[in-house]
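Mature numbering (1 follows the signal peptide of the UniProt record, and there is no 0) puts the sequence shown at residues -16 to -1, 1 to 479.
The beta-carbon is built from N, C-alpha and C at its ideal position, and this holds for glycine as well.
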Amino acid sequence: MMIFSVGVLLLPLVCSQPQGWLSSPDHPLAYPSNSSKNWTLCASPGFAVSLTLIHLDLENSTDCKHDALKIFIGNNLKKSLCGKMSFMGMPSSNNLQFHSASGGCLYIYFYSDDSHPQVHTGFNAFYQTQDVDECTGQSNPCSHFCYNFIGGFRCSCPHGYLLSHNVTCEAIKCAKPKPLQNGHVKFVKGSKNEYLSVIKYDCNEPYYIAKEKHYGNYTCSAAQIWKENGNNILPSCHYVCGQHKLKSQFGRIFGGKPAPPGSFPWQVYLQISSSRGGAFIIGEKWLMTAAHNLVQDTTPIRKEQIQAYAGHNDLNEMEKFITLNISSIHIHENYTADYDNDIGLIKLKSPITFSENIRPLCLPPKITDGKTKRGLVSGYGITEKFSTADKLMYVDINTVDQHTCRTSFEKERKEDDSFPSVTDNMFCAGVSGGGKDSCSGDSGSAFVVQEKGVYCAVGIVSWGLRTCGTAGKYGVYTQVSQYLDWINKTMSENQ
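This is how it looks when you write it as structure tokens:
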């Protein structure tokens, strides 16, 4: 469509016809002296207006300074016409033509002066609007495919490219792959995050594994999203509990031997004011220990009074330990000074990144079979030489039945009414002949049992006689399976 205005003696007229005729005043008769006329022809976007001269007969002069027909394309003077020219009688491509740009304008000015030595009949011209084929020639604005239609054009791109700013095609790219916590990403096919590039997410095995069914390769899709079988959900890496790097070599704390590096990666060394204790890792942000480690004179200690270290097994090389910053302390609400409910949790400020030397223990099953179990205890407590250990020690011992456990302390209870009782929340472990036991300084460490290929925290070192490893006496441990609901509830409420 075209909009144009016609001015006669500077009085404009407006018309919206897509085609028509322009002529000098009184054409085909002679045009008068001192006359002027102007036209403005504008096309809508996607169209151009053309002007074809059919007849021209004006007074001739140098530079057309007397009578003239001036044609502007936009703001630029394209031609000043005067004199006489012969054209076809009907609009033809052989005639002199002028074309606006797409959506542009033609400005036509006619004027005559007062000197007319001869009779001249002026001019006649035909104008029309035409669709502009933007897709032809060097003016093609599209970088790949161009489709012309009446009043406009459309660009498109080949597969794997994305139309940008409606005219240019850019290769489809996905964002940089998101990092995977406790995992990594690698390119399987392609690079630079381009269309159809393939990446694969892997967890940092063997310390973490992915459990999601959709875990696999992700392809850069046409939607500029990394997708795997139609979805863009990233896998999550879950830590593997109850594993260590040693498959055997455990032989025979008190009566024990130094633990090889990485053999008890869940072990935590606690420095509590001027004393020492143990704890063990059960999650990325959680430690378990004995409640009595977290209490002084029946008063819970402040988190600032305790330091936790993990990842190494020699206290002479503290710089090799990882410091675990403590966020909060949680003591079982029914803990008593006689060691019943002797269990506590320590929440860390930030999650642990697990590796060969620092890994969590599994929690035990809720229901136990009551059978005697062979387990392992590790710690930095008193050794058979009655000195505290600077290197992590371990011992293998068996659990004993509750009757044997309770009767082993009958003498002590008869002599001292305040001597602790063995409750159903406890169990005993040791060797009837003595020589193997947990001892002072080991409190809070784990009694671990291998269940179906993984090590579980069956017990927590709680209490026993000061004379560790005495024949017929046993160490007493908190029965962790009694507290699974409390453990899960505490961790859930303090995420």
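Around the beta carbon of V103, fewer than 16 other beta carbons sit within 10 angstroms, so the residue counts as exposed. Annotation for H387: no beta strand (DSSP E) segment contains it, though the alpha helix (DSSP H) segment containing it runs Q386 to T391. In the three-state DSSP reduction, G359 falls in the strand class (E or B). Of the residues assessed, W5 falls on the exposed side of the cut-off, its CB having fewer than 16 other CB atoms within 10 angstroms.
Rounded to the nearest angstrom, the Cβ distance from G459 to C412 is 7 angstroms, consistent with a contact under 8 angstroms. Here F137 is buried, its C-beta having at least 16 other C-beta atoms within 10 Å.
Counting only the Cα atoms, P29 lies some 16 angstroms from Y131. A distance of 7 angstroms or more separates the beta carbons of Y202 and V224. Between P219 and V182, the alpha-carbon positions lie close to 15 angstroms from each other.
Following the DSSP letters along the chain, one finds R397 inside the alpha helix (DSSP H) bounded by residues E394 to E399. In its chain, beyond the 5 residues on either side, K157, C158, A159, K160, P161 and C204 have a beta carbon closer than 8 angstroms to the beta carbon of N177. Counting along the chain, no alpha helix (DSSP H) covers I183; the unbroken beta strand (DSSP E) around it starts and ends at V182 to C187.
In this structure Q1 is exposed. Its beta-carbon is surrounded by fewer than 16 other beta-carbon atoms within 10 angstroms. Residue pairing by DSSP puts I55 in a beta bridge opposite K63 and I92.
By alpha-carbon distance to D117, the top candidate from A85, T474, S258 and S334 is A85. Between the segment 53 to 72 and the segment 86 to 98, the count of Cβ pairs shorter than 8 angstroms is three or higher; the stretches touch.
The DSSP-derived three-state label of C48 is helix. One thing to note: F431 has its Cβ no nearer than 7 angstroms to the Cβ of V384.
Note on geometry: alpha-carbon atoms of H316 and I327 lie some 6 angstroms from one another. For the set D380, D281, K63 and I38, the Cα lying nearest the Cα of S8 is the one of I38.
Straight-line spacing of the CA atoms in L254 and H276 works out to 13 angstroms. Taking all protein chains shown into account, M377 has 16 or more neighbouring C-beta atoms within 10 Å of its C-beta and is therefore buried. Close CB contacts of I209 within its chain, under the 7 angstroms cut and outside five residues either way in sequence, are with C158 and N216 (chain order). Leaving aside the five residues that flank H128 on each side, the residues in its chain whose CB is nearer than 8 angstroms to its CB run, in chain order, C139, S140, C141, P142, Y145 and C153. For the segment 272 to 326, the full-length beta strand (DSSP E) segments reaching 3 residues or more read 290 to 294, 306 to 308 and 310 to 315 along the chain.
Annotated as proximal: M69 and L40, with beta-carbon spacing under 7 angstroms. Three or more beta-carbon pairs separated by less than 8 angstroms are not found between the segment 402 to 411 and the segment 330 to 345, which leaves the two stretches without contact. Around D374, the same chain offers D298, L299, N300 and Y364 as residues with beta carbons nearer than 8 angstroms, after the five sequence neighbours per side are excluded. Secondary structure at D380: strand, using DSSP grouped into helix, strand and coil.
Annotation note: the segment 85 to 135 contains the following uninterrupted beta strand (DSSP E) runs of length 3 or greater, listed N- to C-terminal: 89 to 95, 106 to 115 and 129 to 133. The beta carbon of M72 sits closer than 7 angstroms to those of N78 and N79, all from its chain and outside the five residues before and after it, given in chain order. Within the same chain, Cβ atoms closer than 8 angstroms to the Cβ of I134 are found at G30 and D115, the five residues on either side in sequence being excluded. Counting C-beta pairs with one atom in each stretch, the segment 304 to 318 and the segment 389 to 400 have fewer than three that are closer than 8 angstroms, which means they do not touch.
In the structure shown, I209 adopts coil according to DSSP, grouped into three states. V464 sits in a helix when the DSSP states are folded into three classes. The C-alpha of N22 lies about 56 angstroms from the C-alpha of Y179.
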